[in-house]
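Residue numbers (this note's numbering): 4 to 152.
What follows is a short report on a single structure.
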């Protein structure tokens, strides 16, 4: 058995109720066990945004049972890649980690119509990230447009 551990990705947004939940769900759905996935928020909400749950259900991914989680230094330390989405400087920085900041609109207070384009942009970015950190052998999932970011 190879000694290479799966890369670990942490998605962070303010409330862990929208963007980071969608990103974590897409990466889990597309990568399976090729990537360890976590999500958290700097100020977690009481629950996941219902419009986000509905938009993800339209994409065939059920996140209704997910709950917002608080961002901890331990979660950051346990991750190879940390992707922030609008949480500013609240994410602790540790040497040796790769940090990316994805500027995406906040779906808080929005209906499903407004969440769909955010969901679609997140999926596109996740597919690009996955191609980079855990390239697929021919496992059947389709790739998004090449060269778009």
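Heads up, the beta-carbon is just placed ideally off N, CA and C, and yes, glycines get one too.
Small disclaimer: the values here were computed from a predicted structure and weren't measured.
Local Cβ density within 10 Å of residue i, reported as buried at 16 or more and exposed below that
{"i": "residue 107", "result": "buried"}
{"i": "residue 75", "result": "exposed"}
{"i": "residue 87", "result": "buried"}
{"i": "residue 149", "result": "With a pLDDT of only 38 at residue 149, under the threshold of 50, the placement of this residue in the model should not be trusted; the figure read from the coordinates follows. Looking at its Cβ environment, which holds fewer than 16 other Cβ atoms inside 10 Å, residue 149 is exposed."}
{"i": "residue 133", "result": "buried"}
{"i": "residue 54", "result": "buried"}
{"i": "residue 96", "result": "exposed"}
{"i": "residue 27", "result": "buried"}
{"i": "residue 20", "result": "buried"}
{"i": "residue 151", "result": "Residue confidence is low: residue 151 scores 37 on pLDDT, short of 50, so the model does not pin down where it sits. Its coordinate-derived value is still stated next. Label assigned to residue 151: exposed."}
{"i": "residue 98", "result": "exposed"}
Residue i (DSSP reduced to helix, strand or coil)
{"i": "residue 146", "result": "Confidence at residue 146 is low in this model, with a pLDDT of 40, below 50, so its placement is unreliable and the value that follows should be read with caution. Residue 146 falls in the coil class under three-state DSSP."}
{"i": "residue 33", "result": "helix"}
{"i": "residue 113", "result": "coil"}
{"i": "residue 43", "result": "strand"}
{"i": "residue 104", "result": "strand"}
{"i": "residue 74", "result": "coil"}
{"i": "residue 136", "result": "helix"}
Presumed contact (8 Å Cβ cut-off) between residue i and residue j, rounded CB distance
{"i": "residue 42", "j": "residue 72", "result": "7 Å"}
{"i": "residue 59", "j": "residue 122", "result": "7 Å"}
{"i": "residue 89", "j": "residue 17", "result": "6 Å"}
6 Å Cβ shell around residue i - same chain, five flanking residues per side excluded
{"i": "residue 78", "result": "13, 41, 43"}
{"i": "residue 56", "result": "66, 67"}
{"i": "residue 84", "result": "12, 101"}
{"i": "residue 93", "result": "45"}
Cut-off 7 Å between Cβ atoms - residues of its own chain near residue i, not counting five sequence neighbours on either side
{"i": "residue 144", "result": "Its pLDDT being 41, under 50, residue 144 is placed unreliably in this model, and the coordinates cannot settle the point."}
{"i": "residue 82", "result": "11, 12, 13, 41, 100"}
{"i": "residue 36", "result": "9"}
Sub-7 Å separation of residue i and residue j beta-carbons
{"i": "residue 129", "j": "residue 29", "result": "yes"}
{"i": "residue 113", "j": "residue 69", "result": "no"}
Closer than 6 Å: residue i CB and nearest the ligand HEM heavy atom
{"i": "residue 10", "result": "Ligands are entirely absent from the displayed structure, and the ligand HEM is therefore not among its contents."}
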